[in-house]
Amino acid sequence: MVMMTTAAATATEMLKTISLMKPSLRRKLSSKGFSVKASSVSASASASLEVEFDPKIPIEKALTPPSSWYSLPSFYSFELDRIFYRGWQVVGCTEEIKDPGDYFTGRLGSIEFVVCRDDDGKVQAFHNVCRHHASLLAYGSGKKSCFVCPYHGWTYGLNGPLLKATRITGIQNFNVNEFGLIPVQVAIWGPFVLLNMEQKVTNDVDDVSNEWLGSASEILSTNGVDSSLSYICRREYTIECNWKVFCDNYLDGGYHVPFAHKGLANGLKLDSYSTTIFEKVSIQRCEGGSTEGQTDFDRLGSQALYAFVYPNFMINRYGPWMDTNLVIPLGPRKCQVVFDYFLEPSLKDDTDFIERSLQDSERVQMEDVVLCEGVQRGLDSPAYSFGRYAPRVENAMHHFHCLLHSSLKEE
Numbered sequence: 013m014v015m016m017t018t019a020a021a022t023a024t025e026m027l028k029t030i031s032l033m034k035p036s037l038r039r040k041l042s043s044k045g046f047s048v049k050a051s052s053v054s055a056s057a058s059a060s061l062e063v064e065f066d067p068k069i070p071i072e073k074a075l076t077p078p079s080s081w082y083s084l085p086s087f088y089s090f091e092l093d094r095i096f097y098r099g100w101q102v103v104g105c106t107e108e109i110k111d112p113g114d115y116f117t118g119r120l121g122s123i124e125f126v127v128c129r130d131d132d133g134k135v136q137a138f139h140n141v142c143r144h145h146a147s148l149l150a151y152g153s154g155k156k157s158c159f160v161c162p163y164h165g166w167t168y169g170l171n172g173p174l175l176k177a178t179r180i181t182g183i184q185n186f187n188v189n190e191f192g193l194i195p196v197q198v199a200i201w202g203p204f205v206l207l208n209m210e211q212k213v214t215n216d217v218d219d220v221s222n223e224w225l226g227s228a229s230e231i232l233s234t235n236g237v238d239s240s241l242s243y244i245c246r247r248e249y250t251i252e253c254n255w256k257v258f259c260d261n262y263l264d265g266g267y268h269v270p271f272a273h274k275g276l277a278n279g280l281k282l283d284s285y286s287t288t289i290f291e292k293v294s295i296q297r298c299e300g301g302s303t304e305g306q307t308d309f310d311r312l313g314s315q316a317l318y319a320f321v322y323p324n325f326m327i328n329r330y331g332p333w334m335d336t337n338l339v340i341p342l343g344p345r346k347c348q349v350v351f352d353y354f355l356e357p358s359l360k361d362d363t364d365f366i367e368r369s370l371q372d373s374e375r376v377q378m379e380d381v382v383l384c385e386g387v388q389r390g391l392d393s394p395a396y397s398f399g400r401y402a403p404r405v406e407n408a409m410h411h412f413h414c415l416l417h418s419s420l421k422e423e
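Residue numbers (our numbering): 13 to 423.
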């Protein structure tokens with residue numbers, strides 16, 4: 013594309029103003045040299061950031077980020093370093109670690125992690141890597157009394173220390189206390205588990221609400237986003253699109269709903285749609301209305317709230333339900349979206365209501381999958397470079413893009 017060619021040609025000059033010094037993730041995580049490798053960043057990715065999106069331009073005149081932001085492998089690596097390896101990221105929910113010994117694993121970019129509840133009931137998180145020869149320690153989720161490496165049997169406590177190193181007779185200059193699991197900062201907010209991959213977190217991890225949610229924290233809490241709901245189930249979708257495509261789709265202010273989700277549109281009063289912007293959160297609201305012909309079944313209730321928490325987490329509160337959407341980047345053209353469903357306790361045993369609600373939700377999700385994969389194919393076309401915003405409805409999307417730009421410029 014012409015714009016991408018221009019960006020690449022001016023990369024040398026742009027690098028003078030956008031530092032590509034090692035991000036904080038590359039700092040040593042221990043005095044013995046265990047560190048996390050940062051992905052390389054190409055000059056074209058940095059140049060694209062500087063010349064192809066300007067957050068200072070008002071939405072009425074602004075262009076959307078270019079298609080290169082949604083397809084270049086180098087730009088994807090840039091995002092991992094500057095966005096996902098910094099700050100608090102939702103990785104799961106407390107339902108997965110209710111009891112001592114419970115654990116779950118995950119991956120974010122090149123970082124493998126494990127979260128568990130130790131014998132004292134404290135939530136712990138570590139890099140899921142054996143200190144011997146780098147094997148993964150745990151897979152999936154479940155319950156363990158300790159972590160035993162499947163490769164050579166090195167054993168670690170749920171709170172991180174190395175308990176056993178097999179067949180190391182004759183080893184020298186080895187201090188067992190220096191070879192425990194590398195910790196990751198972990199915090200809990202409501203029913204959500206958050207990790208911060210940076211080595212040093214200056215704020216109190218016991219209360220991440222201000223750093224993570226800002227002034228939207230109290231609004232979400234007072235609108236029923238809390239740990240009082242009953243956990244119902246999880247659904248996962250692997251989608252052939254860049255992670256931002258899914259976020260953009262969520263943030264268009266209901267623009268696509270009457271065209272792509274006719275069943276959902278019948279249960280909402282779309283002319284009541286409104287959007288409120290906070291520091292790193294946007295909240296969309298819409299009044300609900302009984303679905304025509306199905307007045308005996310109303311999963312949406314009288315008010316729907318859709319909260320987007322930068323960079324990749326959505327909280328949807330409607331009727332008796334709350335569902336969350338976690339968008340996990342898997343590559344420049346692939347992501348996984350994890351849906352967790354919560355329900356008011358009085359309805360947790362109403363299997364018919366739950367099944368019908370999940371069927372309705374599944375239909376909407378599959379409609380979105382088709383949309384997002386179609387958008388990605390369009391982004392890959394040489395016919396598309398950038399687009400425009402619908403100013404009255406897509407301000408949350410524009411806010412998201414401005415936050416992206418800000419994160420990517422931070423050194």
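Glycine included, C-beta positions come from ideal geometry on N, C-alpha and C.
Under 7 Å Cβ to Cβ from PHE191, same chain only, skipping five residues before and after it: list those, please. Here residue 191 is taken as the residue at index 179 of the sequence shown, counted from 1. Correct list, in chain order: ARG143 and LEU174.
Taking 8 Å as the cut-off, does the CB of TYR353 come closer than this to any heavy atom belonging to the ligand COA? No copy of the ligand COA appears in this structure; indeed no ligand is present at all.
Tell me the rounded alpha-carbon separation between VAL198 and LEU359. Taking the first residue of the sequence shown as position 1, residue 198 is located at position 186. Taking the first residue of the sequence shown as position 1, residue 359 is located at position 347. C-alpha separation (whole angstroms): 31 Å.
Quick one, are the C-beta atoms of ASN261 and VAL387 less than 9 Å apart? By 1-based counting over the sequence shown, the position of residue 261 is 249. By 1-based counting over the sequence shown, the position of residue 387 is 375. Cβ atoms of ASN261 and VAL387: closer than 9 Å.
Going by beta-carbon coordinates alone, are VAL220 and CYS105 separated by less than 9 Å? By 1-based counting over the sequence shown, the position of residue 220 is 208. By 1-based counting over the sequence shown, the position of residue 105 is 93. Not closer than 9 Å, so no.
Short check: CB of PHE412 to CB of CYS298, under 9 Å? Against the sequence shown, residue 412 aligns to sequence position 400. Against the sequence shown, residue 298 aligns to sequence position 286. No, Cβ-Cβ distance for PHE412 and CYS298 is not below 9 Å.
Do MET209 and LEU120 have their C-beta atoms closer together than 9 Å? Residue 209 sits at position 197 when you count from the first residue of the sequence shown. Residue 120 sits at position 108 when you count from the first residue of the sequence shown. Cβ distance < 9 Å, so MET209 and LEU120 count as in contact.
When you compare only the Cα positions, how much space is there between VAL382 and CYS414? For the purposes of this step, residue 382 is taken as residue 370 along the sequence shown, with counting starting at 1. For the purposes of this step, residue 414 is taken as residue 402 along the sequence shown, with counting starting at 1. If I take the Cα positions, the gap works out to 26 Å.
Classification of SER294 by the beta-carbon crowding that lies within 10 angstroms, buried from 16 upward: Sequence index remark: in the sequence shown, residue 294 carries index 282 (1-based). Buried, since its Cβ has 16 or more Cβ neighbours within 10 Å.
For HIS417 and SER373, the rounded distance between their alpha carbons: Position 361 of the sequence shown, counted from the first residue, corresponds to residue 373. Position 405 of the sequence shown, counted from the first residue, corresponds to residue 417. The alpha-carbon atoms of SER373 and HIS417 are separated by roughly 32 Å.
Can you give the Cα-Cα distance for LEU276 and ARG368, rounded to whole angstroms? The count along the sequence shown starts at 1 and reaches residue 276 at position 264. The count along the sequence shown starts at 1 and reaches residue 368 at position 356. The alpha-carbon atoms of LEU276 and ARG368 are separated by roughly 13 Å.
Cα-Cα separation, VAL321 to PHE351: As a working note, residue 321 is residue 309 in the sequence shown. As a working note, residue 351 is residue 339 in the sequence shown. Distance between the alpha carbons of VAL321 and PHE351 is about 15 Å.
Among PRO403, ASP93 and ILE340, which residue has its Cα nearest to the Cα of THR250? If you number the sequence shown from 1, residue 250 lands on position 238. Ranking the options by Cα distance to THR250, first place goes to ILE340.
Based on DSSP bridge pairs, tell me the residues matched to PRO195. On the sequence shown, residue 195 is found 183 positions in, with the first residue counted as 1. Paired residue(s): PHE138.
Can you list, in chain order, the residues of its chain with a C-beta nearer than 8 Å to that of GLN136? Leave out the 5 residues immediately preceding and following it. Residue mapping note: residue 136 aligns to position 124 of the sequence shown, counting from 1. Only VAL127, CYS128, ARG129, ASP130, LEU170, ASN171, GLY172, PRO195 and VAL198 meet the Cβ criterion.
Do LEU241 and PRO270 have their beta-carbon atoms positioned less than 9 Å apart in this structure? Looking up residue 270 in the sequence shown gives position 258. Looking up residue 241 in the sequence shown gives position 229. Not in contact: PRO270 and LEU241 (Cβ atoms no closer than 9 Å).
Coarse secondary structure for MET326, derived from DSSP in three states: Counting from one through the sequence shown, the residue named residue 326 turns up at place 314. Three-state DSSP puts MET326 in a strand.
ASN254 to LYS346 span [Cα, whole Å]: Start at 1 with the first residue of the sequence shown, and residue 254 comes out as number 242. Start at 1 with the first residue of the sequence shown, and residue 346 comes out as number 334. Roughly 5 Å between the two C-alpha positions.
Taking the runs of the alpha helix (DSSP H) that are 4 residues or longer, which of them lie wholly in the stretch 64-112? 85-91
Looking at C-alpha atoms only, which residue of LEU232, ALA319, LEU312 and THR76 is the closest neighbour of GLY399? In the sequence shown, the residue the question calls residue 399 occupies position 387. Nearest C-alpha to GLY399: THR76.
Note down, in chain order, each residue of its chain lying with its Cβ closer than 6 Å to the Cβ of ALA272, except the 5 sequence neighbours on either side. On the sequence shown, position 260 is the one that residue 272 refers to. These residues qualify, in order along the chain: GLU379 and LEU383.
For TYR151, three-class secondary structure by DSSP: Counting from one through the sequence shown, the residue named residue 151 turns up at place 139. Of the three classes helix, strand and coil, the one that applies to TYR151 here is coil, per DSSP.
Boundaries of the beta strand (DSSP E) in which THR250 is found, first to last residue: Translated into the one-based positions of the sequence shown, residue 250 becomes position 238. Run containing THR250: 242-251, per the beta strand (DSSP E) assignment.
Own chain, CB closer than 7 Å to ARG329, minus 5 neighbours either side, in chain order: To locate residue 329, count along the sequence shown from 1; it is residue 317. Correct list, in chain order: ASN235, GLY236, VAL237 and LEU317.
Would you tell me roughly how many angstroms separate the C-alpha atoms of ILE183 and LYS292, rounded to the nearest one? Counting from 1 along the sequence shown, the entry for residue 183 is found at position 171. Counting from 1 along the sequence shown, the entry for residue 292 is found at position 280. One C-alpha to the other measures close to 50 Å.
Can you tell me whether THR424 is helix, strand or coil according to DSSP? Look at the range of the chain in this structure, 13 to 423, and you will see that residue 424 is not part of it.
Just checking my contact of PRO332 with LEU355 at CB under 8 Å: how many whole Å lie between their CB atoms? On the sequence shown, position 320 is the one that residue 332 refers to. On the sequence shown, position 343 is the one that residue 355 refers to. Contact annotation, PRO332 with LEU355: C-beta distance approximately 6 Å; criterion of less than 8 Å satisfied.
Buried versus exposed call for TYR151 [16 or more other C-beta atoms within 10 Å across all chains shown]: By one-based count along the sequence shown, residue 151 stands at place 139. By the neighbour-count rule (16 or more Cβ atoms within 10 Å), TYR151 is not buried but exposed.
Run the CB neighbour count on LYS256, radius 10 Å, all protein chains shown included, and call it buried at 16 or more, exposed below. The residue given as residue 256 occupies position 244 in the sequence shown. Buried is the call here.
Starting from the Cα of SER134, find the closest Cα among TYR353, ASP114 and TYR82 and give me that residue. Taking the sequence shown and counting its residues from 1, the one referred to as residue 134 is at position 122. Per the sequence shown, residue 134 should be read as Lys rather than Ser. Ranking TYR353, ASP114 and TYR82 by Cα distance to LYS134 puts ASP114 first.
In terms of residues, what are the limits of the beta strand (DSSP E) holding ASP352? In the sequence shown, residue 352 corresponds to position 340, counting from 1. Segment 346-355, the beta strand (DSSP E) holding ASP352.
Is it buried or exposed for GLY266, if we count other Cβ within 10 angstroms and need 16 for buried? Stepping through the sequence shown from its first residue, residue 266 is reached at position 254. When all chains shown are included, GLY266 counts as buried.
Taking the alpha carbon of SER122 as the reference point, which residue from PRO112, GLU91 and ASP66 has its own alpha carbon closest? Numbered from its first residue, the sequence shown carries residue 122 at position 110. Here the closest residue by C-alpha is GLU91.
At what residues does the alpha helix (DSSP H) containing CYS259 begin and finish? Position 247 of the sequence shown, counted from the start, is the residue given in the question as residue 259. Note, CYS259: alpha helix (DSSP H), 255-262.
Can you give me the Cβ contacts of PHE116 inside the same chain, cut-off strictly under 6 Å, excluding the 5 residues immediately before and after it? In the sequence shown, the residue the question calls residue 116 occupies position 104. Cβ neighbours of PHE116 beyond the five flanking positions: GLY104, GLU108, VAL127 and SER153.
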